[in-house]
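Below: one structure, written as structure tokens.
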Amino acid sequence: MAWDLIFWVVCFFINIALLASSFYQLLSLSDLEADHLNPFEASTRINSIVLPEFLLQGFLCISFLVTWHWFMFLFTLPIAAYHLMLYLNRKHLLDVTEIFRDLNTEKKYRFIKLAVYLLLFTVVLF
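Residue numbers (the UniProt record's numbering): 1 to 126.
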């Protein structure tokens, strides 16, 4: 019983970290769009937290599989698979020279991730 509580508390804090990471990336892209950041600073800020976010999300997905929480595992599997695809195709980092061309696409991608993480937060909380 205590292990189950510890597991859900850890999932809660991992989910908070994923939400903060996604929100920070979205905020950096919005600052870039409003010309408060230059492209190098924005891409450096975002690229520095992309890999830890992928690892945390992958750990969360695998931990749901190991603990037999099938609904939560199936809920987190598509985004983990998409992260794996981005990483294997080496498209997970933002390029400084192409960041303005891909700005709207990246913002939509970050908004979708934020919505998924918010939904996951709601499910983990209740």
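Glycine included, C-beta positions come from ideal geometry on N, C-alpha and C. Only a predicted model underlies this, so the values are computations on that prediction, with no experimental measurement involved.
Nonlocal neighbours in the same chain, by C-beta distance under 7 Å from residue i, ignoring five residues either side
i, result
"Phe121", "Asn15, Leu19"
"Phe73", "Cys61, Phe64, Leu65"
"Leu77", "Cys61"
Sequence-distant residues of the same chain with beta carbon closer than 8 Å to residue i, five excluded per side
i, result
"Phe7", "Ser63, Thr67"
"Phe59", "Ile14"
"Ser22", "Glu53, Arg110, Lys113, Leu114, Tyr117"
"Ser30", "Lys107"
"Leu103", "Leu29, Leu32, Glu33"
"Phe126", "none"
6 Å Cβ shell around residue i - same chain, five flanking residues per side excluded
i, result
"Ile46", "Gln25, Ser28, Leu94"
"Leu32", "Ala42"
"Phe12", "Val124"
"His92", "Val50, Leu86"
Residue i classed as buried or exposed, judged by whether at least 16 other C-beta atoms fall within 10 angstroms
i, result
"Ala42", "buried"
"His83", "buried"
Presumed contact (8 Å Cβ cut-off) between residue i and residue j, rounded CB distance
i, j, result
"Leu56", "Ala17", "6 Å"
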